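Residue numbers (the working numbering): 5 to 310.
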């Protein structure tokens with residue numbers, strides 16, 4: 005949904021949305037009857053929560069639907085990078101069985117750095133331990149019991165960046181995590197490290213990532229998310245009448261388009277959440293959120309009216 009599409013739902017009291025809809029203040033103002041936004045996602049950075057609180061709009065999310073789903077996709081991307089799966093498959097499909105340039109590396113014995121050790125991050129850690137990887141983690145709320153159970157160590161961000169062979173991001177999108185990984189962080193990483201991002205595109209500065217990949221600082225990256233995804237999906241939006249993008253956003257779009265063409269990047273179109281099982285759980289929880297709100301017992305609220 006955007007401002008143009010909102011006009012058709014002006015009388016809606018409840019809407020259910022996904023991360024590809026940008027519910028900014030202008031769009032929400034076009035929905036004067038709105039009482040509940042039930043987003044079919046864990047993240048809610050696509051919704052202007054400040055406006056919602058002021059306008060008396062509740063917002064619910066789906067907090068727990070895809071821990072194994074996203075974690076498994078994280079390793080799909082990592083294995084695709086570590087074993088050059090995409091390049092090898094393309095070459096083999098053309099009848100070329102040459103092995104030159106396809107040598108990968110083992111995950112066993114390497115160090116994985118997990119930034120954000122919540123539910124998904126801990127599921128990633130479980131899988132990593134199955135691959136015999138050493139694991140370091142950074143989290144705003146360390147849990148020593150979880151570390152002991154799963155066999156990982158907490159570290160400072162600086163130490164994690166310095167020691168990790170693979171870095172996997174699992175933090176929410178927010179102003180606090182915007183550009184969490186940029187030039188300074190890439191400079192601190194091991195030469196030849198791999199970055200995997202199934203969190204939010206804005207967590208990584210796209211231009212800095214291009215520099216790290218093209219300079220050889222990073223061996224590769226596995227990306228399921230990108231900065232400014234709505235504009236990437238609908239490039240014509242860049243040229244919509246009356247819309248002027250700041251130069252920094254234009255630079256980010258250009259950098260992201262560069263990433264799409266780099267041979268050492270494996271990318272997917274924000275599908276880490278998308279399995280039959282996870283989508284069923286999403287729809288089920290969203291429906292329960294709406295029913296609970298209608299019954300006067302709202303659940304899974306990430307924002308309540310002021």
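Built from N, CA and C at the ideal position, the CB exists for glycine as well. Remember, it's a predicted structure, so these values are computed and weren't measured experimentally.
For residue 169, DSSP assigns no beta-bridge partner whatsoever.
Between residue 171 and residue 137, the beta carbon gap of about 12 Å keeps them out of contact (Cβ cut-off 8 Å).
Residue 157 is bridged by DSSP to 140.
The beta carbon of residue 89 sits closer than 7 Å to the beta carbons of 83 from its chain, once the five residues preceding and following it are set aside; these are given in chain order.
In the three-state DSSP reduction, residue 262 falls in the helix class (H, G or I). A residue is called buried when at least 16 other Cβ atoms come within 10 angstroms of its Cβ; residue 78 meets this threshold and is buried. Within the segment 108 to 152, the runs of beta strand (DSSP E) at least 3 residues long that lie entirely inside it are, in chain order, 115 to 119, 138 to 142.
For residue 188 and residue 49, the gap between their C-alpha atoms comes out near 25 Å.
Contiguous alpha helix (DSSP H) elements confined to the segment 16 to 41 occur at 29 to 33, taking only those with 4 or more residues. In the DSSP assignment, residue 51 forms a beta bridge with 27.
Rounded to whole angstroms, the separation of the alpha carbons of residue 140 and residue 299 is 44 Å. Boundaries of the alpha helix (DSSP H) around residue 86: 71 to 86.
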